[in-house]
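Chains as they are written, first to last, in the numbering used here: chain P, 1 to 232; chain F, 1001 to 1742. Worksheet: the structure to be examined is printed underneath.
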């Protein structure tokens, strides 16, 4: 399967995405500089984490104007798979490709640690290899991962089953203590209505191998591979 | 040029304001054969500051061991480099940013990280890890809380934005640092041998190119400021602190590595302390060449800047490079890709002089070497009377403890010993997906992708020991850092040091400095560990006195097979627990004596260098043989704290906390054996079937080894005297700082 990873000035998880896709999952990966418009015919586009444009103005707010983002939007509009991780999620929200916004963590501090997330929806191309309610141990590393959306938007997310993953404890219970950043409804990741664009704050790019503390992130990549194969 | 500046008369007052002594001024006149103008005086002022010129420390630093078969680059470049095999090398260095952080904690600490990162990627190495060592006054002080929070946020924001994991560090809270906090930042990079590049200029007429951020008026005289004591007026020198832009530095790093990897450069150097001045004269001096630049070509942030200001600005995120012939356009193309400023500001000459022009008119013309060769001083030294008092302290005047469980709880809650989770959770310690052992164990461990190699790294300091006995204390700092590496299963291969002291012009301070250097050197020689570079930070004092003499050691460890890495926490119930080394029994210099009795005195523990070296070797051998389930050294808080940490630090890696039941070896004072800080001790555990082999191996290496108990249960029980709930201990340990900072 062919992946393209967008690279913005200030992206810094682009290496992690490249590594996990190519060396752990054994797939083809192209790195696409933000000034380019040719995505190089991918099956899936990954918008990686980092600090695109130094988070200046607002996270993801400048990156969405990069030439490559027009191509990503067109690709998604045609049904192409797009996944945004961490800053990538923020960029997709800023670009209007995903609903909601990500604001400062409730603690007002950057938080880096392993968290647990519960897979709420398995009928997406990004989670089809998960069992319903499966708990994944995946790290977060962000200062602005506090998901917010207005009441109407939240209702829509629920009605359309767009809340894909939520923060939980190791047993899968969604509790106030297990929500690391104050996200509304413990939302860790959402998809669009067409279910072909997915954004999440936790890092499946950093959790593909046991030596790193967890291989649970692999199931996200496996789902994408399965989707391409026509399972989802 | 602004004539008013050029017209400044060089009076004794002007010379003094530049931090130069009258005889230093005379020396400048002799070098030039004339009086310097104000711009030239500025050049000498910054380059002959202690920060850049090491004038009070160079003579002693030269006694330190710097050579070894793995050393590819020793002191004198931006960072030291060591071979780690398979065509890879590791670049690493520690540097202080104490003075700026004391005045402006957020920017001071952030620019400290930025500076050390530039030192690494300037060598052609991609930074892969950051570490830091921080010291503040007691955490109960609101001013300290503000400083601590600001420094941590500054480090976090810079490293996180750059995408470099901060994987290890230490934080100490002690009254000696109340007015002078210490912020030492270390960075580690990986480089292929063929990409190593140095900070030197050569090749007549090769273009000298400036890249990165524009030059502003910030940070002028930062180096000179860092070479004086902190007083109430220091806060007025806030303009000497620079402003950080990690995004700019990220672009600069990627562009620099691209330039180096595309083989476009002769040499490159970052602009850190003393800015354009330092990079220009050092590159010329190292390359045995000269450089001529025109400051009018330097990209400027503000209008009307004088040559003096442009040369002395410490605006961050800038580099100076010398391109290979015919590569100038390619250099500009790479920089354009990254949307960075680049300007050809001069060329290499063969005159050995640093010539500065402004629109073609010469404004400074001095021998480049003369700037990099600051005067060398051999200050007077005398042993402080307090040292004898410490030596003569009578331990029997302190009653033995009767409530060890409560003391253990108190020690684990002590901010110096307690978990630094509040700190490291603000640092991205996982980015680049190489971090195999995250903060929480004795050393951070990284893999080197595409190889079986791994790196272990730690940063340690023991100011309180050095205050009691600078020679022994310095030996212990090196030993403890190397022991942390050995506990992780790696071989300590090299170190970098940052020497934080008060004013060298005071004989008592210089006595400490002299003895510390002896201790560091003797320990490094005993362990065959070369020092590949570092930094000296003097004048860490204020009207009420100097800081504790505080050498900080960054230690690099190497795994040929990173799968042999060991962590400090117990793994399985039923595993036997051993103590390697002798339990000891003195309490002098211990954290216990400080925390429970309010006494910072006594004889600091003695370190037997040979016994310590054997311990490092046996730990490595045991790790290589895969005998070990865990290994953790006894340091602050002694045997009891080490055992407790073995029980619950698995929680840092989402593993279970486990109890243990052990007997207390040795005889004599109960508190000495439980909480004393005798050296060369490590608590290890192994699978039950491995016990006999482990004991045999210890015997073979001549390291004392005693089976003391086994892992299991929910409590830590030591003999019949102490039994404490692990959950309770863990809660105190992990939340102590969080609660105080809430």
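No residue lacks a Cβ here, since even glycine has one placed at the ideal position from N, Cα and C. Every value quoted in this text rests on a predicted model; they were computed, and no experiment measured them.
Given residue i as reference, the closest of the options once Cα atoms are compared
i: residue 1671(F); options: 1399(F), 1539(F), 1661(F) and 1439(F); result: 1399(F)
i: residue 1457(F); options: 1293(F), 1205(F), 1211(F) and 1558(F); result: 1558(F)
i: residue 1212(F); options: 1298(F), 1166(F) and 1262(F); result: 1298(F)
i: residue 1022(F); options: 1081(F), 1375(F), 1583(F) and 1287(F); result: 1375(F)
i: residue 45(P); options: 183(P), 86(P), 81(P) and 198(P); result: 81(P)
i: residue 274(P); options: 48(P), 76(P), 77(P) and 75(P); result: A query on residue 274(P) cannot be resolved here, the shown segment of chain P reaching from 1 to 232 and no further.
i: residue 1421(F); options: 1733(F), 1048(F) and 1085(F); result: 1733(F)
i: residue 13(P); options: 1122(F), 1163(F) and 1622(F); result: 1163(F)
i: residue 1389(F); options: 1372(F), 1468(F), 1579(F) and 1396(F); result: 1468(F)
i: residue 1153(F); options: 1175(F), 1173(F), 1111(F) and 1125(F); result: 1111(F)
i: residue 1109(F); options: 1157(F), 1463(F) and 1658(F); result: 1157(F)
i: residue 995(F); options: 1455(F), 1716(F), 1498(F) and 1367(F); result: This structure gives no information on residue 995(F), because the portion of chain F shown stretches from 1001 to 1742.
Cβ-heavy atom distance, residue i to the ligand SAH, below 6 angstroms
i: residue 1488(F); result: Among the components of this structure there are no ligands whatsoever, and the ligand SAH is therefore not found.
Own chain residues within Cβ distance below 6 angstroms of residue i, not counting five before or after
i: residue 217(P); result: 138, 204, 207 and 208
i: residue 1119(F); result: 1078, 1079 and 1093
i: residue 1150(F); result: 1105 and 1106
i: residue 1179(F); result: 1542
i: residue 1039(F); result: 1307, 1308, 1363 and 1364
is_contact[residue i, chain F] using C-beta, thresh 7 angstroms
i: residue 233(P); result: Residue 233(P) is absent from the structure shown; chain P starts at 1 and stops at 232.
i: residue 141(P); result: yes
i: residue 204(P); result: no
i: residue 133(P); result: no
i: residue 211(P); result: yes
i: residue 51(P); result: yes
i: residue 123(P); result: no
i: residue 54(P); result: yes
i: residue 41(P); result: no
i: residue 48(P); result: no
i: residue 9(P); result: yes
Within-7 angstroms CB hit, residue i to chain P
i: residue 1648(F); result: no
i: residue 1723(F); result: no
i: residue 1631(F); result: no
i: residue 1163(F); result: yes
i: residue 1160(F); result: yes
i: residue 1156(F); result: yes
i: residue 1003(F); result: Annotation note: pLDDT 44 at residue 1003(F) (below 50); position unreliable, coordinate value reported separately. No - not a single Cβ of chain P is within 7 angstroms of the one on residue 1003(F).
Same chain, Cβ closer than 8 angstroms to residue i, five either side skipped, listed in chain order
i: residue 174(P); result: 118, 166, 167, 168 and 186
i: residue 1255(F); result: 1211, 1334, 1335, 1337, 1338 and 1340
i: residue 177(P); result: 169
i: residue 1507(F); result: 1379, 1380, 1381 and 1382
i: residue 106(P); result: 146, 181 and 182
Beta bridge counterpart(s) of residue i as assigned by DSSP
i: residue 1537(F); result: 1500(F)
i: residue 1308(F); result: According to DSSP, residue 1308(F) bridges with nothing at all.
i: residue 69(P); result: Note: residue 69(P) sits in no beta bridge, so no partner.
i: residue 1269(F); result: 1320(F)
i: residue 1136(F); result: 1173(F)
i: residue 197(P); result: 82(P)
i: residue 1077(F); result: 1075(F)
Neighbourhood of residue i by C-beta, 7 angstroms cutoff - its chain only, sequence neighbours within 5 removed
i: residue 1024(F); result: 1048 and 1375
i: residue 1391(F); result: 1603
i: residue 1597(F); result: 1398
i: residue 156(P); result: none
i: residue 228(P); result: 1 and 43
i: residue 1351(F); result: 1290
**OP:** Using a Cβ-Cβ cut-off of less than 8 angstroms, give me the residues of the region 82-110 of chain P that come near chain F, in sequence order.
**Re:** 109 and 110
**OP:** Compile a chain-ordered list of the residues in the region 1424-1447 of chain F whose CB is closer than 8 angstroms to at least one CB of chain P.
**Re:** 1424, 1425, 1426, 1427, 1428, 1429, 1430, 1431, 1432, 1433, 1435, 1436, 1438 and 1447
Subject >> Residues, ordered as in the chain, of the region 1245-1278 of chain F that lie near chain P by beta-carbon distance below 9 angstroms >> reply: 1245, 1246, 1247, 1248, 1250, 1251 and 1254
Original post:
What are the residues of the region 1448-1462 of chain F that lie near chain P, defined by any Cβ-Cβ distance shorter than 9 angstroms?
Top reply: 1449 and 1450
Subject >> Proximal residues, the region 214-226 of chain P versus chain F, C-beta separation under 7 angstroms >> reply: Result list empty, no residue passes.
**OP:** Compile a chain-ordered list of the residues in the region 1654-1676 of chain F whose CB is closer than 9 angstroms to at least one CB of chain P.
**Re:** 1654
Original post:
Going along the chain, which residues of the region 1328-1352 of chain F sit with their C-beta nearer than 9 angstroms to a C-beta in chain P?
Top reply: Of all residues in the region 1328-1352 of chain F, 1337, 1338 and 1339 have a Cβ within less than 9 angstroms of some Cβ in chain P.
Subject >> Chain-ordered residues of the region 13-30 of chain P with a beta carbon less than 8 angstroms from chain F >> reply: Result list: 13, 15, 16, 19, 20 and 23.
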